[in-house]
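Okay, so here's the structure we're looking at.
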Amino acid sequence: MISIENLTVRFGGVVALDHIGAEFSANVSGLIGPNGAGKTTTMNVISGFLDAHNGHVIVEGTDLVKLAPHKRVQWGLRRSFQKEQIANDLTVRENLMAITDHLRGSRGDKRADLERAAEFAGVTGILDKMGRDLNTFERRLTDVARCVIGHPKMIMFDEPAGGLTPEETERLGDLILGIHDLTGAKVLVIDHDVELIERICAETLVLDFGKRVAFGPTSEVLRDPAVQAAYLGIEVEEEHA
Amino acid sequence: MRSTTNTIWAVFGLALILVLPAFAGGQWIKIFTSTTTFAMAAAGAGFLYTRLGMVSLVQVGLMGVGGWVTLRLNHAFNFPFEINLMVAGAVTMFLGNLIALPALRMRGLYLALITLMFAAGLDIVFTAKQFPNGAAGFWGVGTTFAADMRRPLLAQSDAAYLRYTMVWLVIGFVLIELHRRMAPGRAWALIRKSEAAALASGVNVTLYKTWAFGLSGLLAGLGGGLLAGSLGLLDSATFRASESVMLFALVIVGGARFWYGAVIAAVLFRVVPGLLNNWGVDADLSLVIFGAALLHAVMTAPDGLAGQINGAVRALIPGGKTAETKSDKKGAKA
Ligand SMILES: Nc1ncnc2c1ncn2[C@@H]1O[C@H](COP(=O)(O)OP(=O)(O)O)[C@@H](O)[C@H]1O
Ligand SMILES: [Mg+2]
Numbered sequence: 014m015i016s017i018e019n020l021t022v023r024f025g026g027v028v029a030l031d032h033i034g035a036e037f038s039a040n041v042s043g044l045i046g047p048n049g050a051g052k053t054t055t056m057n058v059i060s061g062f063l064d065a066h067n068g069h070v071i072v073e074g075t076d077l078v079k080l081a082p083h084k085r086v087q088w089g090l091r092r093s094f095q096k097e098q099i100a101n102d103l104t105v106r107e108n109l110m111a112i113t114d115h116l117r118g119s120r121g122d123k124r125a126d127l128e129r130a131a132e133f134a135g136v137t138g139i140l141d142k143m144g145r146d147l148n149t150f151e152r153r154l155t156d157v158a159r160c161v162i163g164h165p166k167m168i169m170f171d172e173p174a175g176g177l178t179p180e181e182t183e184r185l186g187d188l189i190l191g192i193h194d195l196t197g198a199k200v201l202v203i204d205h206d207v208e209l210i211e212r213i214c215a216e217t218l219v220l221d222f223g224k225r226v227a228f229g230p231t232s233e234v235l236r237d238p239a240v241q242a243a244y245l246g247i248e249v250e251e252e253h254a
Numbered sequence: 003m004r005s006t007t008n009t010i011w012a013v014f015g016l017a018l019i020l021v022l023p024a025f026a027g028g029q030w031i032k033i034f035t036s037t038t039t040f041a042m043a044a045a046g047a048g049f050l051y052t053r054l055g056m057v058s059l060v061q062v063g064l065m066g067v068g069g070w071v072t073l074r075l076n077h078a079f080n081f082p083f084e085i086n087l088m089v090a091g092a093v094t095m096f097l098g099n100l101i102a103l104p105a106l107r108m109r110g111l112y113l114a115l116i117t118l119m120f121a122a123g124l125d126i127v128f129t130a131k132q133f134p135n136g137a138a139g140f141w142g143v144g145t146t147f148a149a150d151m152r153r154p155l156l157a158q159s160d161a162a163y164l165r166y167t168m169v170w171l172v173i174g175f176v177l178i179e180l181h182r183r184m185a186p187g188r189a190w191a192l193i194r195k196s197e198a199a200a201l202a203s204g205v206n207v208t209l210y211k212t213w214a215f216g217l218s219g220l221l222a223g224l225g226g227g228l229l230a231g232s233l234g235l236l237d238s239a240t241f242r243a244s245e246s247v248m249l250f251a252l253v254i255v256g257g258a259r260f261w262y263g264a265v266i267a268a269v270l271f272r273v274v275p276g277l278l279n280n281w282g283v284d285a286d287l288s289l290v291i292f293g294a295a296l297l298h299a300v301m302t303a304p305d306g307l308a309g310q311i312n313g314a315v316r317a318l319i320p321g322g323k324t325a326e327t328k329s330d331k332k333g334a335k336a
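Sequence order for the protein chains is A and B.
Note that the first sequence covers residues 14 to 254 in my numbering.
Note that the second sequence covers residues 3 to 336 in my numbering.
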C-alpha cells in the first residue's frame with residue numbers, strides 16, 4: 014500500500030500540490046492529468062528532490078518524507094525521469110552498478126541481481142554499450158532495469174512511453190506489468206497515453222492544477238465527467254500541436 | 003583496443019622514468035622535477051573537470067600549502083621525508099574537502115570564483131608569511147637561514163629524486179584511474195549527468211563531491227611537498243592565484259580527458275618558459291602562446307592536445323577507432 018496524505022507543495026505563491034491524498038493498493042497504479050497538473054512534482058516530493066510543505070508518503074509503514082533522498086533509494090525507492098538520466102560516459106552495466114554500489118549485499122549477489130534485472134528488461138545484449146550510444150528505446154529499457162535492481166519496494170515511472178512507437182509502448186507496458194511478480198514492488202506510472210494507463214493501471218489518481226480531481230479504479234475514473242472535462246483540454250491541445 | 007594504447011603509454015612512461023633522469027643535465031633535472039610535481043596538481047584539476055564538470059582554480063595554491071607543511075615539519079621535527087609528505091597530503095585533502103562545501107550549492111562560474119577566492123586568500127598568506135626556512139617560531143622564517151631539507155633515503159641525488167617524483171606521479175594517475183573504475187567513478191559520472199540522476203541512484207551527493215575535491219587536494223598537496231623536497235626553499239611567487247588560473251587553462255589546452263593531458267599541461271607550464279629563457283626570449287611571451295593555445299583548444303579541440311595525440315595514435319594502430327574518444331560536451335554541461 015502506498016499512502017499519500019495531505020501532500021502540499023508551494024513554489025512561491027503557486028500551489029503546485031494542494032492537500033493531495035490517495036491510497037494506492039493496486040500493484041500498478043496511474044497518475045494522470047494535463048500538463049502542469051503537478052504529476053512530476055508529486056514524484057519529486059516522493060523522491061525527496063523537493064520538500065513538501067505538508068504531508069506524508071507512507072509505504073509499508075515507512076514515512077518516506079522523513080528520509081534523505083539517497084536513503085530512500087537504499088530503502089527501496091526507484092524512479093525514472095521524464096527526460097531519462099542515463100550517464101553518457103558509463104556503460105549500461107555501470108549505470109546499473111551505480112545503484113547496487115550503495116546497497117548492502119555481497120559482490121556475487123549484486124552481480125546476480127544485475128544480471129537478473131538486465132535479463133528482465135532485455136538489455137543483457139547491450140550491457141557493455143556506452144550510455145551515449147543508446148537509442149530512445151534502449152534508454153527506456155535501461156531505465157526499467159535500473160528500477161527493478163536491488164530489491165525495490167516502490168517504483169515510479171515519469172512518462173516512460175514518451176517518444177516510443179506503439180509497438181515499443183506495448184512492450185514497455187508488458188514489462189511494467191511484470192515488475193510486481195519479479196520484485197514485489199508497487200509501481201506508480203505517469204503517462205499521457207491514456208490507452209497505456211487503462212491497460213496496465215488498476216487504480217488511477219487524476220490531478221488538475223495541483224488538485225485531486227478523481228481517484229479510484231481506472232475505468233471508473235476515466236468515465237468521470239470531471240476527468241473528461243480536464244482531459245478535453247489536453248486532447249484538443251495535442252491535436253493542434 | 004584501449005589496452006593496446008594503454009600498454010604503449012605504460013612502456014613509454016617507464017622508459018621516460020629510466021632515461022630522462024639519466025640524461026637530463028644540471029638545471030634541466032630541476033625543471034623536469036618541478037614539471038612532474040605540477041603535473042600531479044594538473045591531474046587533480048583535470049579529473050575534477052572531466053569527471054564532475056567542476057572547475058578548481060586553487061590547485062597551485064594547495065601545492066603551496068603542501069610545500070609549506072612539508073618544510074614546516076622538516077625543520078621542526080626529525081620525521082622521514084615520507085611522513086612529512088603524507089601529512090602535507092592529508093592537510094590539503096582536508097582543505098579540498100572544505101572547498102567542496104560551497105561546491106555543494108554552487109556550480110559553473112560561481113564555483114570557479116569561490117575556488118579562486120580561496121587561491122587569492124592563500125596567495126595573501128604566502129606573501130605575508132613566506133615559507134619556513136629553518137628559523138625559530140611557528141612561521142619559521144629567518145633572513146639568513148637556509149636549513150637542510152632532508153630527502154628520501156632512496157633519492158638523495160637530483161637524478162634519483164626526479165625518478166622518485168615521477169613514481170609519485172604514476173601513483174597519482176593510478177589512484178585516479180582506480181577511482182574512475184569503481185563506485186566513486188560511477189557516482190561522479192551520475193553527478194556530472196545531473197544531481198537528480200545521482201540522487202535517484204542512491205548516490206550521497208555531498209559525500210562524493212567532498213571526496214572528489216579531497217582527492218584533487220591530496221594530489222596538489224603531494225605535488226607541493228615533492229617540490230619542496232626538490233628545491234629546499236619555496237618562494238611565494240610560485241603559488242600566486244594567477245598561477246592556479248594559468249595551470250587550469252593549460253589543463254584545458256593539454257586535454258583533461260586523458261592522463262597525459264596533465265603531463266602536457268605541466269610541460270607547457272614549466273618547460274616552455276625555461277626554453278624561452280634559454281633562447282634569450284622574454285619568458286612572458288609564453289603567456290601569449292598559451293592564450294593562443296587556449297583559444298585553439300576551446301574552439302577546435304575540446305579534448306586538447308592529448309585528444310589530438312590520442313586520435314593520431316589510434317589512427318596508427320591497425321583497427322584503431324577514433325570515434326570512441328569523441329568528447330561529450332553535452333554531458334559536461336548538464
Ligand atoms: N522547480 C519548480 N519551480 C517553480 N515551479 C515549478 C517547479 N517545478 C514545477 N513547477 C510548477 O508546478 C506546476 C506543476 O508542474 P509539474 O509537476 O512538472 O507538472 P506535470 O503534471 O506536467 O508533470 C507547474 O505549474 C510548474 O510550472
Ligand atoms: Mg511532468
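Backbone N, C-alpha and C define an ideal beta-carbon position, used for all residues, glycine too.
On a predicted model such as this, the values are computed, not experimentally measured, just so you know.
query: C-alpha distance - A/H32 paired with A/H115, whole-angstrom precision; result: 33 Å
query: Buried versus exposed call for A/H253 [16 or more other C-beta atoms within 10 Å across all chains shown]; result: Residue placement at A/H253 is flagged as unreliable, the pLDDT there being 47, under the threshold of 50; the coordinate-derived value follows with that caveat. By the 10 Å Cβ count, A/H253 comes out exposed.
query: Cβ-Cβ distance between B/Y51 and B/A258 below 7 Å; result: yes
query: Integer Cβ distance of A/K52 from A/G46, believed to fall under 8 Å; result: 6 Å
query: For A/T104 and B/I31, the rounded distance between their alpha carbons; result: 42 Å
query: Any heavy atom of ligand 2 nearer than 7 Å to the CB - residues listed; result: A/K52, A/T53, A/Q95, A/D171, A/E172 and A/I203
query: Three-state class that DSSP yields for B/G187 in the structure shown; result: helix
query: Chain-ordered neighbours of A/R92 on chain B, where CB pairs are closer than 9 Å; result: A202
query: Contact set for A/G186: own chain, Cβ-Cβ below 7 Å, skip 5 residues either direction; result: L209, R212 and I213
query: Chain-ordered neighbours of B/R188 on chain A, where CB pairs are closer than 7 Å; result: L103, E107, M110, A111 and D114
query: Contact test: A/G49 Cβ vs ligand 1 heavy atom, cutoff 6 Å; result: yes
query: Three-state secondary structure (DSSP) of A/E172; result: coil
query: Proximal chain A residues relative to B/K195, where beta-carbon distance stays under 8 Å; result: Q98, I99, A100 and N101
query: Cβ pair count under 8 Å reaching 3, the segment 195-210 of chain B against the segment 34-43 of chain B; result: no
query: C-alpha distance - B/F271 paired with B/G144, whole-angstrom precision; result: 30 Å
query: For A/H66, the three-state DSSP class (helix, strand or coil); result: coil
query: Closer than 7 Å to chain B by CB, A/P230; result: no
query: Beta-bridge pairing of A/A227 - partner residues as DSSP gives them; result: A/V219
query: Chain B within 7 Å of A/F133, Cβ atoms only; result: no
query: C-beta neighbour in chain A for B/A43, strict 7 Å; result: no
query: Residue interval of the alpha helix (DSSP H) (run including B/E197); result: E197 to A202
query: Residue range of the beta strand (DSSP E) that includes A/R91; result: L90 to R92
query: Interface partners of B/A191 on chain A, CB under 9 Å; result: A100, N101, D102, L103, E107, N108, A111 and G144
query: First and last residue of the uninterrupted alpha helix (DSSP H) at B/T35; result: G28 to L54
query: Proximity test, B/F14 beta-carbon vs ligand 1 heavy atom, cut-off 6 Å; result: no
query: Beta-carbon neighbours of B/A185, restricted to chain A and to distances below 7 Å; result: D114
query: C-alpha distance - B/A185 paired with A/M110, whole-angstrom precision; result: 8 Å
query: Short Cβ contact (7 Å threshold) for A/R92 with B/A202; result: yes
query: Contact set between A/H83 and chain B, taken where Cβ atoms lie within less than 7 Å; result: L201, G204, V205 and N206
query: Residue span of the alpha helix (DSSP H) that contains A/H32, given as start and end; result: Taken as a continuous stretch (DSSP letters only), A/H32 belongs to no alpha helix (DSSP H), being part of the beta strand (DSSP E) at V27 to F37.
query: Residue range of the unbroken beta strand (DSSP E) whose run includes B/K207; result: The amino acid occupying residue 207 of chain B in the given sequence is Val; Lys does not appear at that position. Not the beta strand (DSSP E): B/V207 falls in the alpha helix (DSSP H), residues V207 to L233.
query: The segment 262-294 of chain B: positions lying closer than 7 Å to chain A by Cβ; result: none
query: 7 Å Cβ cutoff, A/Q87 in contact with chain B; result: yes
query: A/H227 Cβ short of 6 Å to ligand 1 heavy atom set; result: His is not the amino acid found at residue 227 of chain A; the sequence shown has Ala there. The answer is no for A/A227.
query: Inter-residue CB distance, A/P173 and A/D194 (contact presumed, cutoff 8 Å); result: With a Cβ gap of about 18 Å, A/P173 and A/D194 do not count as contacting.
query: Test: B/A214 CB closer than 7 Å to a CB of chain A; result: no
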